[in-house]
Every structure is written in structure tokens, then in C-alpha cells.
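Take a look at the structure set out below.
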Amino acid sequence: MKRDYGLSIWGEENFVIEGETVNVNYGTHPSLLEITRQVRERGYKGPLLLRFPHLIRKQIDTLFDAFERAREEFGYQGKFRAVFPLKVNQYPQFVESLIEVSNGRKYGLEAGSKAELIIAMAKTPLGAPITVNGFKDKEMIALAFIAAKSGHNITVTIEGLGELETIIEVHREFNGTGTTAIAPKIGMRIRLHSSGIGIWAKSGGYSSKFGLTSTELLEAYEMLRREELIGSLAMIHFHIGSQMGEIGPLKKALREAGNIYAELKRRGAENLRAINIGGGLAVEYSQHQPNANRNYSIKEFANDVVFAMQEISRQKRVEEPDIFTESGRFVAAGHAVLIAPVLELFSQEYHERSLRIKTSDDNPPLIRELHDLYRAMNRNNAREYLHDALDHMESLLTLFDLGYIDLEDRSNTEILVNLIVKKAILLLDAEDSDELKRLQNRIQEKYLVNFSIFQSLPDFWGLRQHFPVMPLHRLDQRPTRPASIWDITCDSDGEIPFDPDAPLLLHDIDVEEEEYFLGFFLTGAYQEVLGMRHNLFTHPTEAVVDFNENGEWDIVGIVEAQNLMDVLEDLDYDTGSIDRALKSNIEDSGRIDESEKRDLLGQLYLFLSENSYLKTIQSREGKE
């Protein structure tokens with residue numbers, strides 16, 4: 006990995022390395038380290054989630070501009086519309102920033118539950134679209150009718166014939182005799198033969214969870230016609246999967262969905278004017294070019310969608326539909342960066358100062374040879390001396406098993422071979438061989454980091470989804486330590502192991518002398534809403550970093566991680582009872598005097614007011 010940690014691959018020019026730090030590539034270019042320290046100086050410790058609203062605006066602008074350019078290039082008559090699927094991130098500081106920065110775009114929200122629909126009704130500007138997907142009951146459909154009568158431009162996408170029957174029933178109730186017939190538009194989600202690829206491919210195809218078959222689609226059309234509601238049919242919807250790494254499956258799906266749209270138009274669905282292609286626009290998470298997640302650009306994506314819809318419309322002689330997207334990951338992922346401090350390094354015992362070298366005559370000959378190899382190794386002989394060292398190690402371990410050398414000799418063997426391997430990797434860094442990859446895995450350092458993978462990176466735990474990782478500073482120095490990352494949960498799965506094929510190298514640090522922060526990027530989509538309270542570690546403290554018209558930045562909103570009692574209360578514990586029990590145990594103790602009781606109660610209530618994350622492990626005066 007280069008020193009930029011693949012920033013040129015995944016960074017989208019959102020961040021830039023300047024000197025030793027990674028900086029926001031906007032306004033006055035503040036470093037993430039400077040922002041982090043400012044938040045910590047206000048008393049907030051543990052992991053920190055930074056939000057950058059200007060990056061939300063950038064992605065929305067990029068999406069709209071790509072489709073507007075494509076419409077202009079092809080002379081496309083339909084309009085472009087977009088909604089953000091709330092399931093991707095429902096947190097208020099994100100949603101409110103999203104609505105604010107998209108002002109003027111008529112960018113709407115998509116809801117998949119009653120609670121999400123309430124958010125959409127409250128936050129979506131009138132005139133911007135709302136779409137309602139997923140399974141619905143009568144109450145949820147009634148909420149959509151309330152939204153329509155409130156002035157919202159809302160479309161209810163039916164997932165089955167039963168839902169359409171309920172819509173018809175609710176329509177009669179809301180638009181009885183003497184009332185103005187106002188109702189949401191109706192969309193039909195279609196179950197395509199086409200499917201995506203990768204982890205989320207099952208979102209499309211005949212076995213997918215959602216959508217109407219061709220037979221059901223025709224039945225739904227006839228139901229609407231009989232009820233004189235065919236004029237409400239306004240949208241065809243499909244989705245073939247999240248994080249589409251290749252463009253080919255989408256092209257196939259567009260042709261299939263486009264022909265269904267045209268067939269319905271020709272049957273008499275005159276108000277059918279939109280096709281919703283769902284989400285799936287991929288984000289590049291890879292830090293290594295051979296492992297790239299996306300083989301297309303946003304320009305190619307927009308051009309292919311517009312061209313396919315125009316070609317089918319012309320062939321079938323129907324009007325070109327408005328194009329809707331629900332690209333949530335693309336809009337949200339890049340806006341959030343998780344910052345977490347390293348608490349401790351493990352496997353640091355292999356240092357030259359740890360050697361227990363005896364007088365030369367008392368050291369076994371092979372130990373003396375290892376010591377000489379380490380001293381004399383250079384770029385010209387590095388590979389040869391490395392092989393000699395590995396061979397000597399096997400011989401020395403055999404001698405230990407047979408009782409010919411002692412424990413100190415074995416320790417010296419391990420230290421010297423480890424030092425030789427590290428030196429060889431440093432000298433042979435330009436080479437990319439399987440042997441060096443295996444050796445990096447062997448000498449990896451374990452960085453204990455103050456965060457929970459289950460809470461902040463659940464997609465890594467569940468799907469092994471990679472997220473870009475890099476230190477916030479010392480980027481002018483060459484990282485040399487192959488790194489595994491351990492979180493602070495009491496679970497063996499709380500680890501990002503070292504991957505020889507996508508190596509993460511970090512710096513050799515002394516946590517007693519300096520703070521060392523890691524940044525986890527592209528965490529703004531799904532991670533917060535899917536995060537779990539394993540070991541009762543909660544959502545980290547979050548802060549919004551805003552830029553004014555002059556490019557000056559400020560921290561405009563900090564939401565602190567929940568304290569211990571709030572966490573227990575959320576789990577429906579009787580916190581009053583817990584408080585009384587803890588207090589009583591101290592006050593009724595006969596082992597301590599009254600002065601000590603007061604001190605213990607003071608400490609207890611201080612701890613109860615703080616969150617679950619660790620403050621520090623090593624002693625570092627003035628840092629924590």
C-alpha cells in the first residue's frame with residue numbers, strides 16, 4: 006500500500022494529505038486530527054463520528070448533474086427525480102443536513118415503515134417526492150393518504166395484490182361522498198427476471214422478496230381499471246440489488262422494465278409517467294486497485310439509464326418516462342468518518358532491547374549467526390539472509406525441544422528472527438511476492454482501538470465489507486507495521502485481521518508518549534442504523550463539521566454517546582431500582598467509614614454519568 010492508503014482510489018477527492026496529516030479537501034482544509042482534538046478538548050472521549058454535510062451536498066449534486074448532462078446529451082424529454090431511502094441512515098443530524106443541503110433540488114425521501122413515513126411526511130419539502138416501499142398494512146396506507154391530503158407528492162408502491170385491495174378500501178374511506186378525491190399516486194414494483202450480482206443479488210430475479218409477477222401485474226392493472234383508479238397508476242419500480250459492482254446487470258434490467266412500462270402505457274395507463282430504478286449505485290470501498298468494487302463511472306451509469314429508456318420509448322412509440330433513483334449508499338456513505346484512538350499495541354516484545362545475549366562463548370553458534378545476519382543485512386543480501394534466518398530458527402527450535410538450548414536462547418531466537426523479517430520486509434518493500442505477504446502476516450502488530458466493530462462497522466462483522474482505514478497523522482513517515490485491529494468488545498469476532506492481499510500498514514508507536522488516531526471512512530451508509538449494542542457499547546459521540554461561505558469551519562452540533570444509565574434505561578431496566586441498590590450497598594457496608602462512603606458514592610455517580618467506552622489503558626499524563 007502506498008502512503009496515501011489508497012486515498013486516490015476511494016477518496017473521491019474529499020480528503021487530501023498535506024504534510025503529515027489527512028485534511029478535509031474543502032474550505033480552509035482543516036486536518037481531521039485538528040477537528041478531533043478540538044472535540045476532545047471539550048471533554049468528549051472515546052470514538053467520535055464526524056459528519057460533513059458538504060459531502061452530502063456534493064454527492065446529491067453529482068447525481069443530479071450526471072443525469073441532467075445525460076438528458077441534455079440525448080435530448081431526453083422525461084425529467085430526473087431522486088429520493089433518499091431512509092433505511093440507509095435515519096439519524097436526525099444526517100436527515101436534517103440532507104434536507105438542508107438539497108434545498109432547490111426537490112430531493113425527497115423514501116420510507117419503508119410507518120416510523121420512516123412519519124419522518125418523510127415531517128421533513129420532505131412540499132413538492133419533493135415521497136415514495137413508500139415495502140410491506141404495508143391499512144394504517145400505513147392511511148398515513149400515505151393523510152400525506153397526500155396534506156399536499157405531499159407521494160407514491161405508494163404496491164408489493165402484492167393484497168396491498169392494492171387495501172389501497173382501494175382506504176381510497177373509498179378517505180374520498181367518500183362530498184369530499185375532494187385526493188389520493189397518493191400508485192406505483193407497482195415489478196419482479197424482474199434480471200438480477201444483480203454479489204451479496205445483494207437476491208434483491209432481483211424471480212425468487213426476490215418483493216414485487217409483482219407478470220400475471221399479478223396484469224391482475225393489478227385490471228383491478229385499477231375496474232375501480233376507475235387507473236389514472237392513479239404513475240410509476241413502475243424495480244430494484245436489482247445494492248452495491249452493484251458491474252453495470253451489465255442493470256442494462257439488462259432496464260430493457261426488461263422499460264418494455265413493461267411501454268406495454269402498460271399502450272394498454273391505457275395514460276398517467277404512468279415514471280420508472281423508478283431503485284438503488285444500487287455502488288461506492289468504491291477498496292484501498293487497493295485490484296480489489297476495486299465498481300467498474301463504471303457515475304457518468305456511464307446515468308448515460309446507460311437515459312439511453313435505455315429513450316431507446317425503448319422510441320421503439321414502442323410512448324412518451325419518455327421520468328427517471329427516479331433511490332441511491333442511498335452513494336449519497337450517504339462518504340459524509341461520515343469514524344475516528345478512534347489506539348489504546349495499546351500487542352506483540353511489541355520483539356525489540357532489540359529485549360534480547361538477552363550472553364557473552365559470546367555462551368551463546369549457541371546459531372544464535373551468534375542470527376545476530377550477525379541481523380547486523381549485516383542490506384538490500385543486496387536481504388533475501389538470502391532472510392532465508393538463512395528462517396532455516397536457523399527451525400534448527401534452534403528443534404534444539405530447544407531436545408533440551409540442548411534454554412528458554413533464553415529460544416527467546417533470543419524469536420526476537421532476532423522477528424527483527425530480521427521486519428528488516429527484510431523494509432528492504433524488499435518494492436517487491437510484491439507471496440513470500441513477503443506471508444511474512445507480513447507472521448509479524449503483524451495488534452492495535453487495540455477504542456471502538457466496537459459490532460456498533461460502528463457491523464457490515465464488516467456480518468459481510469466482511471471492507472472500509473478504508475488510515476491514521477490521521479504521521480503520513481510523512483513510512484508505515485512499517487503490518488496491522489490487525491482489535492476492538493474493545495469481549496468477543497473474538499471484534500477484529501479486523503491483517504490481510505496479506507490487502508495489507509494495512511501502520512506506524513510503530515508508543516502509546517504512553519503520543520496519541521495515535523485511526524480514521525474509518527465511508528461509514529455513513531447503513532452502519533449506524535445496523536449497529537448493535539454488543540457488550541452495551543452504544544453509538545459513539547457524533548459531531549457535525551460545517552463550513553461557512555468563506556470556507557471557515559466550525560463544530561455546530563455534538564451529540565454525546567449515551568451514559569451507562571441511559572443505556573440500561575433503553576433496555577427497560579428500572580434505573581431507579583439500580584440506583585437504589587448501588588447506593589444501598591455502599592451506605593449499608595460496615596467495612597468502610599462515612600468519609601470513604603461519600604468518596605465512593607461520588608466516584609460511582611461520576612462513572613454512571615459516562616459512556617461505556619474506555620478512557621485509557623496506558624498511563625499518559627495530560628492526554629486523557
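Okay, so the sequence shown: first residue is 6 according to the numbering used here, each after it adds one. Every residue gets a Cβ at the ideal spot worked out from N, C-alpha and C, and that includes glycine.
Pick from the options: whose alpha carbon is nearest that of residue i?
| i | options | result |
| --- | --- | --- |
| residue 524 | 462, 303, 567 | 462 |
| residue 233 | 155, 334, 396, 186 | 186 |
| residue 47 | 593, 560, 490 | 560 |
| residue 386 | 226, 440, 429 | 429 |
| residue 572 | 614, 590, 596 | 614 |
| residue 130 | 116, 139, 107, 145 | 107 |
| residue 631 | 63, 268, 384 | Residue 631 is absent from the structure shown; the chain starts at 6 and stops at 629. |
| residue 330 | 344, 340, 281, 322 | 281 |
| residue 176 | 116, 191, 195 | 191 |
| residue 533 | 594, 340, 144, 620 | 340 |
| residue 511 | 274, 21, 471, 450 | 450 |
| residue 196 | 406, 214, 21 | 214 |
| residue 445 | 487, 470, 102, 114 | 487 |
| residue 94 | 528, 603, 321, 32 | 528 |
| residue 274 | 259, 230, 535, 290 | 230 |
What's the gap between the Cα of residue i and the Cα of residue j?
| i | j | result |
| --- | --- | --- |
| residue 148 | residue 557 | 42 Å |
| residue 448 | residue 142 | 57 Å |
| residue 304 | residue 310 | 10 Å |
| residue 565 | residue 44 | 11 Å |
| residue 349 | residue 518 | 12 Å |
| residue 272 | residue 87 | 27 Å |
| residue 576 | residue 90 | 28 Å |
| residue 243 | residue 578 | 43 Å |
| residue 110 | residue 338 | 20 Å |
| residue 100 | residue 146 | 23 Å |
| residue 342 | residue 308 | 31 Å |
| residue 40 | residue 478 | 12 Å |
| residue 239 | residue 155 | 19 Å |
| residue 171 | residue 235 | 15 Å |
| residue 625 | residue 38 | In this prediction, residue 625 has a pLDDT of 45, which is less than 50 and means its spatial position is unreliable; what the coordinates show is noted afterwards. In a straight line, the C-alpha of residue 625 is about 18 Å away from that of residue 38. |
| residue 549 | residue 98 | 8 Å |
| residue 105 | residue 96 | 14 Å |
| residue 14 | residue 20 | 12 Å |
| residue 325 | residue 73 | 15 Å |
| residue 470 | residue 266 | 35 Å |
Consult DSSP for residue i and reduce its assignment to one of helix, strand or coil.
| i | result |
| --- | --- |
| residue 194 | strand |
| residue 223 | helix |
| residue 245 | coil |
| residue 323 | coil |
| residue 452 | strand |
| residue 465 | helix |
| residue 311 | helix |
| residue 597 | coil |
| residue 106 | helix |
| residue 357 | helix |
| residue 457 | coil |
| residue 280 | strand |
| residue 351 | strand |
| residue 67 | helix |
| residue 479 | coil |
| residue 254 | helix |
| residue 299 | coil |
| residue 235 | helix |
| residue 614 | coil |
| residue 650 | Because the chain here runs from 6 to 629, residue 650 falls outside it and cannot be looked at. |
| residue 186 | coil |
Report yes or no: is there a C-beta of chain B within less than 8 Å of the C-beta of residue i?
| i | result |
| --- | --- |
| residue 264 | Within the model displayed, chain B is absent; a lone protein chain is all it includes. |
Open item on the list: Across the stretch 284-298 and the stretch 49-56, are there enough close Cβ pairs to call them in contact, namely three or more that are closer than 8 Å?
Closed with: no
Open item on the list: Using a Cβ distance threshold of 8 Å, determine whether the stretch 247-264 contacts the stretch 214-224, with at least three qualifying pairs required.
Closed with: No, the stretch 247-264 is not in contact with the stretch 214-224.
Open item on the list: Assess contact between the stretch 80-87 and the stretch 305-315, defined as three or more Cβ pairs (one per stretch) separated by less than 8 Å. Is contact present?
Closed with: Short answer: they touch.
Task: Contact the stretch 360-376 vs the stretch 114-128: 3+ CB pairs below 8 Å - done: no
Open item on the list: Please give me, in chain order, every unbroken run of the beta strand (DSSP E) with length at least 3 that falls completely inside the stretch 520-592.
Closed with: 522-526, 546-552, 558-564
Open item on the list: Any contact between the stretch 125-135 and the stretch 145-162? By contact I mean 3 or more CB pairs, one from each, below 8 Å.
Closed with: yes
TODO: State whether the stretch 543-554 contacts the stretch 454-468, with contact taken as three or more CB pairs (one from each stretch) at a distance under 8 Å.
DONE: yes
Task: alpha helix (DSSP H) runs wholly inside the stretch 367-437, at least 4 long, in chain order - done: Runs found: 370-381, 387-406, 412-432.
TODO: Ignoring anything shorter than 3 residues or poking outside the stretch 123-170, list the beta strand (DSSP E) runs there in chain order.
DONE: Segments of the beta strand (DSSP E) lying fully in the stretch 123-170: 134-137, 158-163.
Open item on the list: List, from N- to C-terminal side, the alpha helix (DSSP H) runs of 4 residues or more that fit wholly inside the stretch 20-88.
Closed with: 37-46, 58-79
Task: the stretch 369-382 / the stretch 497-505 touching (three or more Cβ pairs under 8 Å) - done: Short answer: they don't touch.
Task: Inter-stretch contact (C-beta, 8 Å, three-pair minimum) for the stretch 467-485 and the stretch 14-31 - done: yes
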